[in-house]
C-alpha cells in the first residue's frame with residue numbers, strides 16, 4: 001500500500017490512496033459495476049471475492065479490470081509449464097479519485113526471476129487553475145500530465161570508503177545549513193533535496209541508456225544476467241545428458 005502526497009501547486013492536504021501489488025485474487029468480470037470491470041480474470045476465487053467486498057465497503061475500484069488489452073498485456077501471472085495464467089496483480093484506487101486513470105497494463109520486459117509481470121498505470125494529476133482564485137478545477141481541459149523522473153546515480157561508487165565518506169559529509173552539510181522545518185512534509189522535502197544534492201556531488205549521475213526503462217536498476221541487471229547464466233548452464237547439462 002502506498003500513499004502519494006502531492007506538492008505545490010496541488011491543493012494543500014490532498015492525498016491519493018493507491019493499493020498496488022499481488023492480491024492473489026481472481027475477481028472475475030462484471031458489467032456496469034463500480035468495482036470490477038469487463039476485463040478481469042474469467043474466474044473467481046475466495047481471495048478475489050473478499051477483495052471485491054472490501055473494495056465495495058470502502059468505495060474503491062480495481063482499475064486493471066477496466067482496460068482491455070491483448071492477452072500478453074492482460075494477464076499478470078503465468079505458469080507456462082502447467083498452462084496456467086491469471087489476473088491477480090492490481091492497482092486499486094478510490095472510485096472518487098481526482099486523478100484520471102488513463103491506462104493500466106502489463107509490461108512483459110520487466111522479468112527478474114518472478115512469474116509475475118510488472119503492472120503499470122498511467123495517471124493524469126489535476127493542477128489548480130491559477131485563474132480561478134485557487135479553486136480546485138478537475139476538468140480535463142485544465143489538467144496537466146505529470147512525468148515522474150527518477151535520477152539514476154552511480155551508487156556502485158559508494159563501495160569506495162573515501163567516496164562514501166564524502167557523501168556522508170555532503171549530506172550532513174546540506175542538512176545543517178537549512179533552517180528547521182515546521183511540518184513533516186517540509187522536513188521530507190528538505191531531506192530529499194539534501195540526499196539528491198549529496199549524491200550528485202559525491203558520485204554523479206549515471207548515463208541513461210537510450211530507451212532503457214526507468215525501472216531497470218543495476219541490481220536488476222545483475223539478477224537478469226545471473227538468471228541467464230544459470231539457464232545456459234542448465235541447457236549445457238541437459239545437452240550433455242542427451243549426448
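Numbering (the UniProt record's numbering), first residue to last: 1 to 243.
We treat Cβ as the ideally placed atom computed from N, Cα and C, and that holds for glycine.
Here the structure is a predicted model, which is why all the values come from computation and not from measurement.
To which residues does DSSP link residue i through a beta bridge?
| i | result |
| --- | --- |
| residue 31 | DSSP, once it has assigned bridges, lists no residue as partnering residue 31. |
| residue 116 | 77 |
| residue 60 | 94 |
| residue 84 | 79 |
| residue 235 | Residue 235 is not bridged to any residue. |
| residue 26 | DSSP lists no partner for residue 26. |
| residue 105 | 120 |
| residue 44 | 27 |
| residue 100 | 124 |
| residue 89 | 22 |
Would you grab the beta carbon distance between residue i and residue j for me? Rounded to a whole angstrom, and I think it's under 8 Å.
| i | j | result |
| --- | --- | --- |
| residue 102 | residue 124 | 6 Å |
| residue 77 | residue 70 | About 16 Å separates the two Cβ atoms, so there is no contact after all. |
| residue 48 | residue 35 | Not quite, the Cβ-Cβ distance comes to about 11 Å (not below 8 Å), so this is no contact. |
| residue 91 | residue 64 | 6 Å |
| residue 93 | residue 73 | In fact, because the Cβ distance is near 20 Å, the residues do not count as touching under 8 Å. |
| residue 269 | residue 203 | Past the edges of the chain, shown from 1 to 243, lies residue 269, and the structure says nothing about it. |
| residue 115 | residue 21 | Not confirmed; about 15 Å, so no contact. |
| residue 158 | residue 165 | Wrong, their Cβ atoms sit about 10 Å apart, outside the cutoff. |
| residue 51 | residue 25 | 4 Å |
| residue 190 | residue 178 | 6 Å |
| residue 44 | residue 38 | About 14 Å separates the two Cβ atoms, so there is no contact after all. |
| residue 220 | residue 194 | Their Cβ separation, rounded to whole angstroms, is 27 Å, which puts residue 220 and residue 194 out of contact at 8 Å. |
Determine the burial state of residue i: buried for a count of at least 16 other Cβ atoms within 10 Å of its Cβ, exposed for fewer.
| i | result |
| --- | --- |
| residue 75 | buried |
| residue 133 | At residue 133, the pLDDT of 46 sits below 50, so the modelled position is not reliable; the number obtained from the coordinates is stated separately. Exposed, by the Cβ-count rule. |
| residue 199 | buried |
| residue 60 | buried |
| residue 171 | buried |
| residue 62 | buried |
| residue 31 | exposed |
| residue 41 | buried |
| residue 19 | buried |
Quick check on the DSSP output: what are the complete alpha helix (DSSP H) runs of length 4 or more inside the region 160–209, in order along the chain? 161–177 and 184–202
Indicate whether the contact test is met: 3 or more Cβ pairs, each with one atom in the region 231–240 and one in the region 170–190, closer than 8 Å. no
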